[in-house]
Each structure stands twice: as C-alpha cells, then as structure tokens.
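Its first residue numbered 466, the sequence shown is counted upward by one per residue in this note's numbering. Remarks on the structure that follows.
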Amino acid sequence: MSQQTAVTSRSLIFHHDFRQLWIGDSISQFGTQVSLIALPYLAVTQLGADEFQMGVLGTLEFLAFLVIGLPAGAWVDRWRRQRVLISNDLIRAAALGSLPLAYLFDMLTLGQLFVVALVTGTATVFFDVAYQSYLPAIVDRRQITEGNSKLEISRAVAQVSGPGLGGWMIKILGTPLMIAVDAVSFLLSACFISRIKHEEPAHDKTTRRALRVEIAEGVRFVAGHPLLRRIAACTSLFNLFSSLSAPLLILFMVRDLEFEPGLIGLVFSAGAVGGLVGAVAATPLAKWVGEGRVIPLGAFLAVPFTFLYPLAAFGPAVPLLIAGGFGLSFAVVVYNVAQVSFRQRMCPPHLLGRMNATIRFLVWGTMPFGAFAGGVIGQQFSVVTALWVAAVGSFLASLPVILSPLIGMRTLPDEYDEHPDAAV
Numbered sequence: 466m467s468q469q470t471a472v473t474s475r476s477l478i479f480h481h482d483f484r485q486l487w488i489g490d491s492i493s494q495f496g497t498q499v500s501l502i503a504l505p506y507l508a509v510t511q512l513g514a515d516e517f518q519m520g521v522l523g524t525l526e527f528l529a530f531l532v533i534g535l536p537a538g539a540w541v542d543r544w545r546r547q548r549v550l551i552s553n554d555l556i557r558a559a560a561l562g563s564l565p566l567a568y569l570f571d572m573l574t575l576g577q578l579f580v581v582a583l584v585t586g587t588a589t590v591f592f593d594v595a596y597q598s599y600l601p602a603i604v605d606r607r608q609i610t611e612g613n614s615k616l617e618i619s620r621a622v623a624q625v626s627g628p629g630l631g632g633w634m635i636k637i638l639g640t641p642l643m644i645a646v647d648a649v650s651f652l653l654s655a656c657f658i659s660r661i662k663h664e665e666p667a668h669d670k671t672t673r674r675a676l677r678v679e680i681a682e683g684v685r686f687v688a689g690h691p692l693l694r695r696i697a698a699c700t701s702l703f704n705l706f707s708s709l710s711a712p713l714l715i716l717f718m719v720r721d722l723e724f725e726p727g728l729i730g731l732v733f734s735a736g737a738v739g740g741l742v743g744a745v746a747a748t749p750l751a752k753w754v755g756e757g758r759v760i761p762l763g764a765f766l767a768v769p770f771t772f773l774y775p776l777a778a779f780g781p782a783v784p785l786l787i788a789g790g791f792g793l794s795f796a797v798v799v800y801n802v803a804q805v806s807f808r809q810r811m812c813p814p815h816l817l818g819r820m821n822a823t824i825r826f827l828v829w830g831t832m833p834f835g836a837f838a839g840g841v842i843g844q845q846f847s848v849v850t851a852l853w854v855a856a857v858g859s860f861l862a863s864l865p866v867i868l869s870p871l872i873g874m875r876t877l878p879d880e881y882d883e884h885p886d887a888a889v
C-alpha cells in the first residue's frame, strides 16, 4: 500500500486539522440551532413583528450574499482563509451578544434586530466562502466527500438537539439566553479553528489582477460548466422559494396554529432527525445509486414534502409538519452533500474561493427576494398562500437537475481531479 493510499484510507477523525475544523463548526452549529427559533420568536413575541417585518428580517439575513457575494470570493482567494474564519466568528459573536445586553437594559428595538441580522449575514458570507474553500486545502481531495459528510452529520446532530432544547429553554429561561448561547458558540468555534496547524502559503501580491477580472474568472468557470450551471440553477431557485416560506413558518405556528415553544422545538427537531439520517446515508447512498444520480435524486425527493406545510392548515398539523420537516431535511442534506462534494472536486484549487462565491451569490442571492416576497404575499393574502407558492416553486426548482445528464451518471467526471490547472 502506498503512503498516499494509507493516508486517504484512514478516517478523518484522526486528522488533526480536520478535527479542529469539525469540532469548531459543530459547536457553532449547536449554538446556532439552539437559537434558531430565538430571533424570529423574539421579533414576534417581544417586539410585535408582523408578516412584512418578518419578511424584512429574513431579507436582511441574506442580503449580503446578493450585495457582496461575488467580490467576497475574490477577496477570500487573496487572504489566509483561517484568519477569515476566525475574524468572522468573532464579528458574529459580538453582534449577537449585543441583543441580550440591550434586552437587559430595556433598550432592545426591532431596528437593532435588523442591524444584527445584516451584520451577522455579512460575516456569514465571508465565513461560508472561506469555509468551503478551506476544507479541500486541509484534506486530500479524495477525502472531500467524507469530510462533507461528517460536517453534515455534526450539523444534523446539532439540529436534532438544538431547536428542541431551544424551545424548552425559551419557555423556562427566556429568549435572550438563547441568543447569548449562540454568541458564546461563535467564540468557542474561533478558538478551535485557531488551533489548525495547516500553513497556508502567502499570496503573491504582485500577481493580483483587477478585482473585476478575478470575479469574472469565477463566473466564467461556473457558467461554462454544463453541470455546475444546472446545480446552481436548481439550488438558487429552491432557496428562493424556501426563503419565501421560512420566515413565516414560526409566525404560522405561533399565531395561526397557536403552538407553544416546546411544540415548535419538537417540529424543528423532527426535521433535524431527517437531516441526521440524510447525512449518515449520503455517502453510502452515493455509492449505491451513483455519485451523479444522487444529486437529482435528492432534489426529486424534497418536492412532495414541501406540500405538507400548507396542508397543515387543513389537517392534523403536528404530524404533517413533523413528516414534512423530516422528509425535506433528509432529501436536502443528501442533495447538499452530493453537490458540494461535486463542486469541490471539479474546481481547481486556485479558483475555489471564487467558484464558491459565485455559487453562493447565485444560490443565496435569491433569498432576500424570496423572504421579501413571502412577507408581501403573507400580508396581502395569507401565510398559507405563501406556503403554497413555496411548495409549487420547489417543484419547478428541481427540474434543472432532474432533467439533466446527472440522472444517467454513476460516477462524476474527473478531469479536474487529474488536471487541476485545466479549468479556465
């Protein structure tokens, strides 16, 4: 057995740098999921936010992906990614930490909540672009799927315990404590990421070109790849309609269905169990169905479960919402593990930041429009109408990958694995 084979056959659990990244992200994910219901619940119950204001809150959380998503990739490719991750963890900790302090001194306003949503959203842009570009730098390229699967498992475990615990702790201790927990989690995440020993090469400033030129390279790479184009179209449309319904879902459960916080946590936790099962199943499912076919399979499986949310207004709400959350999370996680691994394998290392930023711009840049549209539809018509629009839109979003060459691929093309500089 060659040394390279021995390295790649060993579990990433024993990989020091990956382990620090994994632990740091897991802590952050847990804090985020514990307070997943805290910000919108705070807006609804303490600040009296209506449908339109909830839509604005959701818009601000994702607005940065639209405004600075593309240049963020070029900037990240110029900077040391570890520093980007740590600094943006600290920014999110400070922004979120301001909310419980303002609440303590009776100074909390909806305006501050909007500002915090915008600041944390901006920091998340840089963190996410750097994060997805950092994993291929610290592990072997043949371990990328395993790494993404493990990260998804951690995220799903956090989703299983976080929202349920958050719902009960809101009931017992109050919402501000949940947000404080989230702020502390970002500090702990920064501590673990700072322990990564991988030495990133210094970027040669003399080789830098104009920012617009570097941005254009990332855009051309994504637009010129026939499979990446379809994945970007599917994911961006699905996120558009998902964000249309997401800010209204808690409002739907609190106001229309009169759910208690503990029951809301149960609904979110049930969905998170589906995400955990999907994360565990993603790698073996890709081996069984095929690395290419599993991408449209995940998109196809997600569609019917989106219709269970509006149906909850007319039938047994709790089982419908639990089933919808479980099935949708399972399918989305399977899809995400497969398509993110595909993107990382197909892209040459020097373009990873710009490729990920271009994808993020496309797939997250639609979300402010979706959240704003959801608020308008919910206010002008009803929350249930917005949920129906989101469900029908999710079906349309799945078509670019279902009706693509991916459906016939057991294995993915590997030209960029073998010739990493042959991309642009």
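For each residue, glycine too, the CB sits at the ideal point set by N, CA and C.
Rounded to a whole number of angstroms, what is the C-alpha to C-alpha distance between residue i and residue j?
| i | j | result |
| --- | --- | --- |
| Gly683 | Arg695 | 16 Å |
| Phe791 | Ala737 | 7 Å |
| Ala648 | Ser869 | 42 Å |
| Asp542 | Thr876 | 29 Å |
| Leu817 | Ile680 | 12 Å |
| Leu507 | Gln485 | 33 Å |
| Ile488 | Phe724 | 34 Å |
| Pro865 | Cys699 | 6 Å |
| Tyr568 | Pro641 | 7 Å |
| Pro781 | Leu722 | 11 Å |
| Trp544 | Pro813 | 17 Å |
| Asn704 | Gln518 | 20 Å |
| Leu677 | Arg819 | Here residue 677 turns out to be Arg, not Leu, going by the sequence shown. Roughly 11 Å separates the two Cα atoms. |
| Arg720 | Gly523 | 18 Å |
| Ser654 | Thr850 | 39 Å |
| Phe483 | Val848 | 42 Å |
| Val854 | His481 | 46 Å |
| Lys615 | Ala744 | 8 Å |
| Leu573 | Asn801 | 36 Å |
| Arg810 | Gln494 | 25 Å |
| Tyr881 | Asn613 | With a pLDDT of 46 at Tyr881, under the threshold of 50, the modelled position of that residue is not reliable, and the figure given next carries that caveat. Spanning the two alpha carbons is a distance of roughly 19 Å. |
| Pro885 | Ala514 | Only weak support exists for where Pro885 lies, its pLDDT of 35 falling under 50; the value from the coordinates is given anyway. Using only the alpha carbons, I get a separation of about 50 Å. |
| Ser563 | Pro505 | 16 Å |
| Phe834 | Phe479 | 43 Å |
| Phe591 | Pro536 | 10 Å |
| Gln807 | Asp593 | At residue 807 the sequence reads Phe, which differs from the Gln that was named. Answer to the nearest angstrom: the Cα atoms are 17 Å apart. |
| Ala582 | Phe570 | 20 Å |
| Thr610 | Val742 | 16 Å |
| Thr589 | Trp540 | 14 Å |
| Tyr659 | Asp605 | The displayed chain sequence assigns Ser, not Tyr, to residue 659. Computed Cα separation, rounded: 21 Å. |
| Ser474 | Trp753 | Confidence at Ser474 is low in this model, with a pLDDT of 47, below 50, so the placement of that residue should be treated as unreliable; the coordinate-derived value is given next. Their Cα atoms are separated by approximately 19 Å. |
Taking 7 Å as the cut-off, decide whether the C-beta atoms of residue i and residue j are in contact.
| i | j | result |
| --- | --- | --- |
| Val799 | Gly763 | yes |
| Gly730 | Met874 | no |
| Phe579 | Leu512 | no |
| Ser822 | Gly639 | Here residue 822 turns out to be Ala, not Ser, going by the sequence shown. Contact flag unset, no. |
| Phe651 | Asp554 | yes |
| Ile760 | Leu871 | yes |
| Arg751 | Ala697 | According to the sequence as given, residue 751 is Ala; it is not Arg. No, the pair does not count as a contact, with Cβ atoms beyond the cut-off. |
| Ala778 | Leu785 | no |
| Thr587 | Ala560 | no |
| Phe706 | Ser859 | yes |
| Leu709 | Pro775 | no |
| Ala836 | Gly534 | no |
| Thr771 | Ala856 | yes |
| Gly840 | Glu516 | yes |
| Pro565 | Ala645 | yes |
| Gln608 | Leu477 | yes |
| His690 | Ile603 | no |
| Ser894 | Ser619 | The structure shown does not extend to residue 894, since the chain spans only 466 to 889, so no value can be given for it. |
| Ile635 | Met643 | yes |
| Ile867 | Phe765 | yes |
7 Å is my cut-off, CB to CB: does residue i come that close to chain C?
| i | result |
| --- | --- |
| Gly683 | In the structure shown, chain C cannot be found, because there is only a single protein chain. |
Q.
Whether or not the stretch 819 to 830 and the stretch 523 to 534 are in contact is what I'm after, with contact meaning three or more pairs of Cβ atoms, one per stretch, closer than 8 Å; do they touch?
A. yes
Q: Would you list, in sequence order, the uninterrupted alpha helix (DSSP H) runs of no fewer than 4 residues that lie entirely inside the stretch 728 to 812?
A: 759 to 771, 773 to 776 and 782 to 811
(Q) Between the stretch 830 to 844 and the stretch 542 to 555, can you find at least three pairs of beta-carbon atoms closer than 8 Å? (A) no
(Q) Does the contact criterion of 3 or more C-beta pairs under 8 Å hold for the stretch 781 to 796 versus the stretch 593 to 609? (A) no
(Q) Quick check on the DSSP output: what are the complete alpha helix (DSSP H) runs of length 4 or more inside the stretch 670 to 711, in order along the chain? (A) 676 to 689
Q: Report the residue ranges of all alpha helix (DSSP H) runs contained in full by the stretch 813 to 866; include only those spanning at least 4 residues, in chain order.
A: 817 to 829 and 832 to 845
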